[in-house]
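Enquirer: Mind looking over this structure? Questions follow.
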């Protein structure tokens, strides 16, 4: 019963993100000239990484809402550095999350988390851009989304109206990304059932030297309980603000749906790099926030 109730609550909160994300992804991939972002090494450029980072932090998407973008960007062959910069920045901040964080924890929390989102996207994107020019991240996409999501769409050479072709393509992309969202709901409900917030409260409810790295690790290992209300409770129990910030950043950057999608579509080295980057950024901003 507890698992079922949690799954239903998550579904009510997240189902529309699959639709919103797919619609926005269709619009973005239609009008952004990804071919102009390419270089001779097919890795993008600094400007395109910066645009993707700012767009990821600014668009109203949660961690599950970024999944359709990841799918669509891979389908149209966007540069890997651009894809990962957007993917890294988007889960950490959006306008609604900024308002909630500022209201629950204070404006300084919202500002630092926004800077962390931009830093996360820039770090991941620029690292991949720099190393990809030396052949480090070549052939990292192990599943071409075009083969599974859009290859079944209606052939455009037929006489069918363009809106029918676009609708079929939308439904195919929605189903492909929706599968990951459903998996995220099931796994998230299971994790929230087995690891309730009270356990996290006991683990992080102290002020110790190891609280910041522990906050990062627990944030990566949990799902759906690293939001502002939980952080506020933990702060009231004596957790340091640095540990709270590291927990908040790591938890938002590593939702189960996003990690499952990444693990399915990219190879293990890139997946591990994303986790390491999340841990590093959450640690740095946790320490900085503690000192401020």
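In my numbering, the protein residues as written are 30 to 321.
Glycine included, C-beta positions come from ideal geometry on N, C-alpha and C.
1. Note down, in chain order, each residue of its chain lying with its Cβ closer than 8 Å to the Cβ of residue 240, except the 5 sequence neighbours on either side.
2. According to DSSP, simplified to helix, strand and coil, what is residue 100?
3. Please report the residue range of the alpha helix (DSSP H) in which residue 76 lies.
4. Pick out whichever of 276, 31, 155 has its Cα sitting closest to the Cα of residue 80.
5. What did DSSP end up calling residue 170 once you bin it into helix, strand or coil?
6. Quick check on the burial criterion: 16 or more other C-beta atoms within 10 angstroms. Buried or exposed for residue 75?
7. So who's on the other strand from residue 295, going by DSSP bridges?
8. Identify which residue in 276, 211, 248 has its Cα closest to the Cα of residue 327.
9. How long is the line joining the alpha carbons of residue 289 and residue 101, rounded to whole angstroms?
10. Could you give the first and the last residue of the continuous alpha helix (DSSP H) run that contains residue 272?
11. Which value, in whole angstroms, describes the spacing of the CA atoms of residue 135 and residue 244?
12. List the whole-angstrom C-beta distance separating residue 353 from residue 275, where the pair is believed to meet the contact cut-off of C-beta under 8 Å.
13. Just to check, is the beta-carbon of residue 140 closer than 7 Å to a non-hydrogen atom of the ligand ADP?
14. By DSSP, does residue 33 sit in helix, in strand, or in coil?
15. Span of the alpha helix (DSSP H) holding residue 146?
16. To the nearest angstrom, how far is it from the Cα of residue 260 to the Cα of residue 320?
17. Measuring only the C-alpha atoms, how far is residue 299 from residue 150?
18. Go through its chain and collect everything with a Cβ distance to residue 292's Cβ below 7 Å, but skip five positions before and after it.
19. Going by beta-carbon coordinates alone, are residue 160 and residue 295 separated by less than 8 Å?
20. On the premise that residue 278 lies in contact with residue 109, defined as a C-beta separation below 8 Å, what is that separation, rounded to the nearest angstrom?
21. With DSSP run on the structure shown, which of helix, strand or coil describes residue 322?
22. Taking its Cβ as the centre, do 16 or more other Cβ atoms sit within 10 Å of residue 104, making it buried, or is it exposed?
Expert: Once the coordinates are examined:
1. 233, 268, 269, 271, 272
2. helix
3. 75–87
4. 155
5. strand
6. exposed
7. According to DSSP, which records beta bridges pairwise, residue 295 is partnered with 170.
8. Nothing about residue 327 can be reported from this structure: the residues present for the chain run from 30 to 321 only.
9. 16 Å
10. 270–282
11. 19 Å
12. The question about residue 353 has no answer here: the residues shown for the chain are numbered 30 through 321.
13. This structure lacks the ligand ADP, and indeed carries no ligand of any kind.
14. Correct three-state label for residue 33: helix.
15. 136–161
16. 18 Å
17. 14 Å
18. 300
19. no
20. With a Cβ gap of about 23 Å, residue 109 and residue 278 do not count as contacting.
21. For residue 322 there is no data in the structure shown, the boundaries of the chain being 30 and 321.
22. Buried, since its Cβ has 16 or more Cβ neighbours within 10 Å.
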